[in-house]
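Residue numbers (the working numbering): 12 to 129. Virtual Cβ for every residue (Gly too), placed ideally from N, Cα, C. Working notes, structure below.
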Amino acid sequence: MAEETIFSKIIRREIPSDIVWQDELVTAFRDISPQAPTHILIVPNLLIPTLNDVSEAHEQALGRMLTVAAKLAAQEGIAEDGYRVIMNCNRHGGQEVYHIHLHLLGGRALGPMLTHKG
């Protein structure tokens with residue numbers, strides 16, 4: 012069993028968070044250090060540490076993460092201009108909390124994903 016994360020506590024509402032969506036499969040809440048005017052994290056309620064740990068059994072929750080991202084983008088008024096959805100995996104991918112999550116970012120032009128460094 013994977014170690015519990017801060018996201019597990021947010022899902023159970025044991026620590027305060029600005030939750031904008033919660034159902035039986037996923038929870039979405041505003042990032043406490045937003046990188047864009049809209050920055051929402053969408054997490055499966057089941058603890059899956061990294062994208063490498065995903066299996067076919069997780070497909071319903073992973074699909075729900077994407078449909079919730081689209082719904083929240085519309086609710087936040089960023090769908091028409093565009094937004095970015097990011098999932099990091101492990102240290103080199105920039106993952107900080109080992110409970111998979113989507114970053115929904117928008118509300119301004121976000122620029123290129125990466126700079127060319129060879």
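Can residue i and residue j be called in contact, C-beta distance under 7 Å?
i             : j             : result
serine 19     : leucine 58    : yes
valine 37     : isoleucine 53 : yes
isoleucine 22 : asparagine 56 : yes
alanine 80    : leucine 116   : no
To the nearest angstrom, how far is it from the Cα of residue i to the Cα of residue j?
i             : j             : result
isoleucine 26 : isoleucine 17 : 8 Å
isoleucine 97 : glutamine 106 : 11 Å
threonine 49  : glutamate 67  : 30 Å
leucine 62    : glutamate 14  : 15 Å
glycine 122   : histidine 69  : 31 Å
Under DSSP, the alpha helix (DSSP H) around residue i begins and ends at which residues?
i             : result
arginine 75   : 70 to 87
isoleucine 26 : Per DSSP, isoleucine 26 belongs to no alpha helix (DSSP H) and is neither H nor E.
isoleucine 22 : 17 to 22
Counting C-beta neighbours from all protein chains within 10 Å, is the total for residue i 16 or more, i.e. buried, or is it exposed?
i              : result
methionine 124 : exposed
leucine 83     : buried
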